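Q: Pasting a structure here, questions to come.
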Amino acid sequence: MAKKIILTGDRPTGRLHIGHYVGSLRRRVELQNSGEFDRIFIMIADAQALTDNADNPGKVRENILEVALDYLSAGLDPEKSTIFIQSQVSELTELTFFYNNLVTVQRLQRNPTVKQEIVMRGFSDDDSDNKAGTPVGFFCYPISQAADITAFKATTVPVGEDQAPMIEQTREIVHKFNSVYGETLVMPEILLPDNSACLRLPGTDGKAKMSKSLGNCIYLSDDAETVWTKVKGMYTDPEHLQVSDPGHVEGNTVFTYLDAFCKPGHFTKFADCFVGRKSSFTFSSLDEVKEQYRKGGLGDMMIKNFLNAVLNDTLEPIRARRKELEQNIPYVYDVLRKGSEEARKVAAQTLSDVKAAMKINYFDKGVLDELIAAQQKKYSE
Ligand code: ATP
Ligand code: MG
1454 MAKKIILTGD
1464 RPTGRLHIGH
1474 YVGSLRRRVE
1484 LQNSGEFDRI
1494 FIMIADAQAL
1504 TDNADNPGKV
1514 RENILEVALD
1524 YLSAGLDPEK
1534 STIFIQSQVS
1544 ELTELTFFYN
1554 NLVTVQRLQR
1564 NPTVKQEIVM
1574 RGFSDDDSDN
1584 KAGTPVGFFC
1594 YPISQAADIT
1604 AFKATTVPVG
1614 EDQAPMIEQT
1624 REIVHKFNSV
1634 YGETLVMPEI
1644 LLPDNSACLR
1654 LPGTDGKAKM
1664 SKSLGNCIYL
1674 SDDAETVWTK
1684 VKGMYTDPEH
1694 LQVSDPGHVE
1704 GNTVFTYLDA
1714 FCKPGHFTKF
1724 ADCFVGRKSS
1734 FTFSSLDEVK
1744 EQYRKGGLGD
1754 MMIKNFLNAV
1764 LNDTLEPIRA
1774 RRKELEQNIP
1784 YVYDVLRKGS
1794 EEARKVAAQT
1804 LSDVKAAMKI
1814 NYFDKGVLDE
1824 LIAAQQKKYS
1834 E
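Remember, the working numbering sits 1453 above the position in the sequence shown when you count from 1.
The following block contains the structure:
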C-alpha cells in the first residue's frame, strides 16, 4: 500500500495562536495519535519567515524555540513526529531552484493568497523613493512550499483555508514535473479543518483572520488573565446593545470561537457561567445558547464568561506543559537538531530522485560510465 505521509508547518514569526491550533495544530496531534500515518513531518519554516523578515533574523531565530515549545505543549510528540527547521535542510533550496523553471511569473501573480499577503504587508508595486517593493523570495514562496511538501513525499497537508492556493500550486508543479521528467513526485492532498469555524479563525477584533501580523491573537501561551482581558474586549454584535435585544450569532466572533472550541461536556462543567443575578439559564448544547441569544435576554458578558471558561479548558493543559518545557530548553533544541538530521536524509533521497529524473545526476554510480561510453562513441566515429 502507498505510504501515508504528512508535511505541514508554521512560520516562526511569533508564538502560535488559537487560529493555528484549530486550523492545523489540533488536527496534527489527532492524526499523529491516530497511528494511520507512516510518517509525520512538522516544519518550522524559518527560511520562509525570512522572505518577509530579511532584516529581522533575530526575531525569526527567537521564535523557532517559541514555536517548538508551542508544538510540544500542544501534544506533538517527537517520538511520533519529526519536528525540524527548514533552513537546516539545504536540499529544499535546491529543489526550489529546479521547480522555479516550471512556474511562470504570471501564475504567481494570480495566486490570491500571495496577492492578499502583499497588500497586508504594505509591499508596493513601485519600489522607487524608498518604498518597500515585494522581495523576490516572498513572491516565490509558493514554489519553495512545493519543495517542502514534495521533498518528504507528503500525501496529506493539514492546513487552514488560506493555504489552499499554495497546495494547488504544489499540485501543478508535481503534475508538470512528472509529465516532463517522468513519474517522480507524489501528488499531495490538502486536509482542511472539518469544522467551518476553523477554516480561517477571525481575530479578536472581528477581522477576517487571526494573524500574528495583525496583532489580534489569543496565544496558546497567554495566561488566564490575559485571555480574559482579550475575551472581554472582543467584538460581538453591534446591534445587541441591551441584554433584552435580539442578537446576531452569524459574524459574531464570540460565537465563532465557541463553534471552534466548545465540547458537549462544557455545558455541565461550566453551567455556573449561565447563572446570573437577574436571569439564569440551563443549556445542553451550543444550538440552545444560540437560540436564546437570537431571542434576546442573554447578555454578552455571560457568553464571554462561558467562552473564557471553554478556552481555558483547552489552554490550561497546554500552558502547564509549556511551563515544564520552559525549564528544559536543551531538550527542545535536541528535538530540533535530531529532527532536522532525520528530515535531511529523507529530502536528500528525493533530491537524488529528482536529479536522476532531470538527467543531472552525471556522477551517480553507473551514470558516468554510460556518459563516457556515449561520448567516446561519438568521438570515435
Ligand atoms: P504570518 O502572519 O507570519 O503569516 P500566520 O498567523 O498567518 O503568520 P502561518 O505560520 O502563516 O501563520 O500559518 C501556519 C498555519 O496555520 C497554516 O496552516 C495556516 O493555514 C494556519 N492558520 C494561520 N492562521 C489561521 C487562522 N486564523 N485560522 C485557521 N488557520 C490558520
Ligand atoms: Mg501566514
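Even for Gly, the Cβ is constructed at its ideal location relative to N, Cα and C. Quick caveat, the model's predicted, so the values are computed rather than measured.
Using DSSP with H/G/I as helix, E/B as strand and the rest coil, what is residue 1537?
A: It is a strand residue.
Q: Rounded to whole angstroms, what is the Cα-Cα separation between residue 1767 and residue 1720?
A: Each residue's alpha carbon lies about 15 Å from the other.
Q: What did DSSP end up calling residue 1460 once you bin it into helix, strand or coil?
A: Note: residue 1460 maps to strand in three-state DSSP.
Q: Going straight from the alpha carbon of residue 1493 to that of residue 1778, what length do you get?
A: Whole-angstrom Cα-Cα distance: 22 Å.
Q: Compute the beta-carbon to beta-carbon distance between residue 1456 and residue 1491, rounded to the nearest angstrom, for a pair I have assumed lies under 8 Å.
A: So it is a contact: roughly 4 Å between Cβ atoms.
Q: Can the beta-carbon of residue 1473 be found less than 7 Å from the beta-carbon of residue 1670?
A: Result no, Cβ atoms of residue 1473 and residue 1670 do not sit closer than 7 Å.
Q: List the DSSP bridge partners of residue 1644.
A: According to DSSP, residue 1644 bridges with 1611.
Q: Give me the residue from 1752, 1736 and 1686 with the minimum Cα distance to residue 1730.
A: Nearest option by C-alpha distance: 1752.
Q: Can you tell me whether residue 1672 is helix, strand or coil according to DSSP?
A: Note: residue 1672 maps to strand in three-state DSSP.
Q: With the ligand ATP as the reference, list in chain order each residue whose Cβ lies under 5 Å from any of its heavy atoms.
A: My final list is 1463, 1464, 1466, 1472, 1473, 1476, 1477, 1612, 1613, 1615, 1616, 1653, 1654, 1662, 1663, 1664, 1665 and 1666.
Q: Do residue 1611 and residue 1644 come within 7 Å of each other at the CB atom, strictly closer than that value?
A: Closer than 7 Å, so yes.
Q: Leaving out the 5 sequence neighbours to the left and right, which residues in its chain are closer than 7 Å to residue 1760 when beta-carbon positions are compared?
A: Here the set comprises 1684, 1707, 1710 and 1711.
Q: Mind checking residue 1553: buried by the 16 CB within 10 Å criterion, or exposed?
A: It counts as exposed.
Q: When you compare the CB positions of residue 1814 and residue 1807, do they come within less than 7 Å of one another, or not?
A: No, the Cβ-Cβ distance between residue 1814 and residue 1807 is not below 7 Å.
Q: Which two residues bound the contiguous beta strand (DSSP E) that contains residue 1496?
A: It spans 1492-1497 - the beta strand (DSSP E) in which residue 1496 sits, taken as one unbroken run.
Q: Within 10 angstroms of its Cβ, does residue 1613 collect 16 or more other Cβ (buried), or is it exposed?
A: So residue 1613 counts as buried.
Q: In or out: residue 1700 buried (at least 16 other Cβ within 10 Å) or exposed?
A: With 16 or more other Cβ atoms within 10 Å, it is buried.
Q: Give the secondary structure of residue 1742 by DSSP, where H, G and I count as helix, E and B as strand, and everything else as coil.
A: Note: residue 1742 maps to helix in three-state DSSP.
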